[in-house]
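Undergrad:
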Amino acid sequence: MAKPKIAYSCTECGSQQPKWAGQCPDCNAWNSMVEVVAVAPVAKANPRFSGYAGVGKTEVQSLADVTPGDVQRTPTTQVELDRVLGGGLVPGSVVLIGGDPGVGKSTLLLQTVALLSEQLNTLYVTGEESLEQVSMRAHRLNLSADKVRLLTETNIEAILNHAQKEQPQVMVIDSIQTIYTDLSQSAPGSVAQVRESAAQLVRYAKKSGSALFLVGHVTKEGTLAGPRVLEHMVDTVLYFEGDTSSQFRMVRAIKNRFGAVNELGVFAMTETGLKEVSNPSAIFLSRHQEQVPGSVIMVTREGSRPMLVEVQALVTESHLGNPRRVTVGLDQNRLAMLLAVLQSHGGIATHDQDVFINVVGGVRVTETAVDLPLLLAGLSSLRNRTIPKDTIVFGEVGLAGEIRPVQGGLDRLKEAAKHGFKRAVVPKANAPKRGAVEGMEVIAVERLVDAVDVF
Ligand code: TYD
Ligand code: MG
Numbered sequence: 001m002a003k004p005k006i007a008y009s010c011t012e013c014g015s016q017q018p019k020w021a022g023q024c025p026d027c028n029a030w031n032s033m034v035e036v037v038a039v040a041p042v043a044k045a046n047p048r049f050s051g052y053a054g055v056g057k058t059e060v061q062s063l064a065d066v067t068p069g070d071v072q073r074t075p076t077t078q079v080e081l082d083r084v085l086g087g088g089l090v091p092g093s094v095v096l097i098g099g100d101p102g103v104g105k106s107t108l109l110l111q112t113v114a115l116l117s118e119q120l121n122t123l124y125v126t127g128e129e130s131l132e133q134v135s136m137r138a139h140r141l142n143l144s145a146d147k148v149r150l151l152t153e154t155n156i157e158a159i160l161n162h163a164q165k166e167q168p169q170v171m172v173i174d175s176i177q178t179i180y181t182d183l184s185q186s187a188p189g190s191v192a193q194v195r196e197s198a199a200q201l202v203r204y205a206k207k208s209g210s211a212l213f214l215v216g217h218v219t220k221e222g223t224l225a226g227p228r229v230l231e232h233m234v235d236t237v238l239y240f241e242g243d244t245s246s247q248f249r250m251v252r253a254i255k256n257r258f259g260a261v262n263e264l265g266v267f268a269m270t271e272t273g274l275k276e277v278s279n280p281s282a283i284f285l286s287r288h289q290e291q292v293p294g295s296v297i298m299v300t301r302e303g304s305r306p307m308l309v310e311v312q313a314l315v316t317e318s319h320l321g322n323p324r325r326v327t328v329g330l331d332q333n334r335l336a337m338l339l340a341v342l343q344s345h346g347g348i349a350t351h352d353q354d355v356f357i358n359v360v361g362g363v364r365v366t367e368t369a370v371d372l373p374l375l376l377a378g379l380s381s382l383r384n385r386t387i388p389k390d391t392i393v394f395g396e397v398g399l400a401g402e403i404r405p406v407q408g409g410l411d412r413l414k415e416a417a418k419h420g421f422k423r424a425v426v427p428k429a430n431a432p433k434r435g436a437v438e439g440m441e442v443i444a445v446e447r448l449v450d451a452v453d454v455f
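Quick note on the working numbering: the sequence shown kicks off at 1 and runs consecutively.
1) Given Ser-184, which residues of its chain have a CB within under 6 Å of its CB, disregarding the five upstream and five downstream residues?
2) Give the range of the beta strand (DSSP E) segment to which Asn-256 is assigned.
3) What would DSSP say about Leu-320, mapped onto helix, strand or coil?
4) What I want to know is whether the C-beta of Glu-153 ends up closer than 7 Å to one or more non-hydrogen atoms of the ligand MG.
5) Look up Asp-354 in the DSSP assignment and give the residues it is bridged to.
6) Could you compute how far the alpha carbon of Ala-451 sits from the alpha carbon of Gly-361?
7) How many Å lie between Val-266 and Met-233 at the Cα?
8) Report whether the distance from the Cβ of Met-250 to the nearest heavy atom of the ligand TYD is below 7 Å.
9) Please report the straight-line C-alpha distance between Ser-9 and Ala-424, rounded to a whole angstrom.
10) For the ligand MG, I want to know if Glu-128 counts as a neighbour, meaning its beta carbon is within less than 7 Å of at least one of the ligand's heavy atoms.
11) Could you have a look at Ala-211 and say whether DSSP puts it in helix, strand or coil?
12) Taking 7 Å as the line, does the beta carbon of Asp-100 fall inside it for any heavy atom of the ligand MG?
13) Output the distance between the C-alpha atoms of Arg-252 and Thr-67, rounded to the nearest integer angstrom.
14) Does DSSP put Ser-295 in a helix, in a strand, or in coil?
15) Beta carbon of Ser-106: closer than 7 Å to some heavy atom of the ligand MG?
16) Given a threshold of 16 other Cβ atoms within 10 Å of its Cβ, counted over all protein chains shown, does Arg-364 qualify as buried or as exposed?
17) Taking Leu-151 and Gln-111 to be in contact with their CB atoms under 8 Å, please state how far apart those CB atoms are, rounded to whole angstroms.
18) Helix, strand or coil for Val-277, going by three-state DSSP, please let me know.
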């Protein structure tokens with residue numbers, strides 16, 4: 001085989017250059033050039049593109065003439081995982097699972113493969129652990145191991161050779177960062193290696209119709225390591241999140257070509273592996289004996305399920321020129337923005353206060369319904385005044401000081417009522433008709449100034 005040509009591609013704009021440079025000559029981004037295998041521009045003549053839709057004989061069709069074949073989904077027998085996958089595994093699809101070290105990615109996939117191997121041909125490829133380590137884990141998890149096929153290999157060409165022989169319907173690669181290809185000379189784990197190996201795996205999946213799970217590492221910042229392009233190449237991107245000090249773990253769909261995004265699957269890490277939590281709505285409440293200042297219960301809606309979580313705030317006098325704004329489980333910029341709105345439209349200044357916000361249980365809340373609970377928790381701490389225990393809050397806060405409605409208001413109220421909450425502070429546009437939610441007193445607020453004096 002002729003030695004493949006090496007080129008350098010900019011990760012920002014995608015331009016290709018024959019030589020490396022510190023600055024991209026096209027978009028002027030610094031430090032963005034990475035080594036890639038040069039691709040001939042003619043896709044048809046290039047076997048690297050075979051397997052993608054649209055390669056080969058093509059013709060223009062009317063959309064109405066295209067009848068979608070039913071997507072065959074294989075349930076993974078883990079309801080929570082199926083939920084984030086959109087109902088099960090799709091043949092030929094590639095799922096990327098990212099998460100912090102030790103969160104349980106390998107555990108989840110080994111369990112899944114063991115369960116699936118009862119009905120399908122599976123292959124678990126590990127580049128991180130030895131076969132003994134995997135076997136120890138399987139014993140600990142009490143998995144039936146007789147049908148699980150294992151392989152320790154990090155060379156992608158060798159892996160694909162084995163796969164051609166084994167013909168697995170489901171294959172796991174743990175992890176993509178350890179895999180390297182002969183086509184590129186850069187070190188394993190580098191952007192060029194990860195991208196090229198992933199591209200070969202995606203092609204293999206599309207061609208063979210086997211479903212692929214790729215494990216990906218995350219960086220310090222919490223995004224998937226390696227190029228962003230990895231997320232573009234695959235069909236589904238899942239994040240495995242959770243505080244390793246708590247037993248609960250969440251799998252979140254960030255991208256899904258075969259289902260809804262932002263669905264959440266909840267698991268608990270136990271002595272014998274990950275167990276599904278089928279009714280997670282109230283597991284993240286800390287249930288204080290006495291109500292304490294700075295704590296607010298909110299109803300968040302992750303995917304299709306409402307969930308009760310506790311938002312805690314600590315507001316203390318700052319002795320720093322730049323007071324601290326620290327969040328756990330929330331976007332820090334959003335906090336800074338909300339504090340500015342609080343000052344402008346609520347008349348409450350926090351420029352001399354440090355503000356710390358935490359969402360209990362390692363939950364990450366990405367929706368804007370957390371705005372109002374966050375501000376009320378902060379106010380409760382600032383004024384050292386408790387918010388009644390049986391109260392829930394949700395609502396988005398706009399830059400003009402208005403309280404905006406959020407999706408699924410009625411669902412959220414019903415869920416809270418189910419868990420015995422008696423009072424709700426909600427956006428006016430979300431307030432249901434009187435008596436629509438039994439036993440729930442609804443306090444509708446329209447502007448931030450109204451909300452700050454509710455308690
Ligand atoms: P692992 O799946 O190796 O994490 P990852 O592949 O994401 O790095 O998870 C390992 C952690 O899970 C480890 O800290 C021990 C814990 N664990 C349990 O608590 N119970 C179990 O049954 C297993 C297998 C692991
Ligand atoms: Mg692992």
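Positions of the beta carbon are idealized from the N, C-alpha and C atoms, including for glycine.
TA: Taking the coordinates as given:
1) Your numbering for residue 184 matches position 184 in the sequence shown. Hits under 6 Å: Val-37, Ala-192, Gln-193, Glu-196.
2) Your numbering for residue 256 matches position 256 in the sequence shown. Run containing Asn-256: 248 to 256, per the beta strand (DSSP E) assignment.
3) Here residue 320 corresponds to residue number 320 of the sequence shown, with the count starting at 1. Looking at Leu-320 - three-state DSSP - the assignment turns out to be coil, as it is neither helix nor strand.
4) The sequence position of residue 153 within the sequence shown is 153, counting from 1. Residue side-chain check: Glu-153 keeps its Cβ at 7 Å or more from all non-hydrogen atoms of the ligand MG.
5) What you label residue 354 is simply residue 354 of the sequence shown in a count that begins at 1. Partner residues in the beta bridge of Asp-354, as assigned by DSSP, are Thr-316.
6) Within the sequence shown, numbered from 1, the residue matching residue 451 stands at position 451. Within the sequence shown, numbered from 1, the residue matching residue 361 stands at position 361. Cα to Cα, Ala-451 sits roughly 26 Å from Gly-361.
7) On the sequence shown, residue 266 is found 266 positions in, with the first residue counted as 1. On the sequence shown, residue 233 is found 233 positions in, with the first residue counted as 1. Cα-Cα distance, rounded: 26 Å.
8) Counting from 1 along the sequence shown, the entry for residue 250 is found at position 250. No - the ligand TYD has no heavy atom lying nearer than 7 Å to the Cβ of Met-250.
9) Along the sequence shown, one-based indexing puts residue 9 at 9. Along the sequence shown, one-based indexing puts residue 424 at 424. Distance between the alpha carbons of Ser-9 and Ala-424: 53 Å.
10) For the purposes of this step, residue 128 is identified with residue 128 of the sequence shown, where counting begins at 1. Yes; taking the cut-off as 7 Å, the Cβ of Glu-128 has a heavy atom of the ligand MG nearer than that.
11) Your numbering for residue 211 matches position 211 in the sequence shown. Residue state, collapsed to three classes: strand.
12) Counted from its first residue, the sequence shown places residue 100 at position 100. Asp-100: no, Cβ never under 7 Å from the ligand MG.
13) Here residue 252 refers to the residue found at position 252 of the sequence shown. Here residue 67 refers to the residue found at position 67 of the sequence shown. Linking Arg-252 to Thr-67 through their CA atoms gives a straight-line distance of about 31 Å.
14) Translated into positions along the sequence shown, residue 295 becomes position 295. It is a strand residue.
15) Taking the first residue of the sequence shown as position 1, residue 106 is located at position 106. Annotation for Ser-106 indicates a beta carbon within 7 Å of some heavy atom of the ligand MG.
16) Taking the sequence shown and counting its residues from 1, the one referred to as residue 364 is at position 364. In the assembly as shown, Arg-364 is a buried residue. Its beta-carbon has 16 or more other beta-carbons within 10 Å.
17) The residue labelled residue 151 in the question sits at position 151 within the sequence shown. The residue labelled residue 111 in the question sits at position 111 within the sequence shown. About 18 Å; that fails the 8 Å criterion.
18) Walking along the sequence shown from the start, residue 277 turns up at place 277. DSSP places Val-277 in coil when its eight states are reduced to three.
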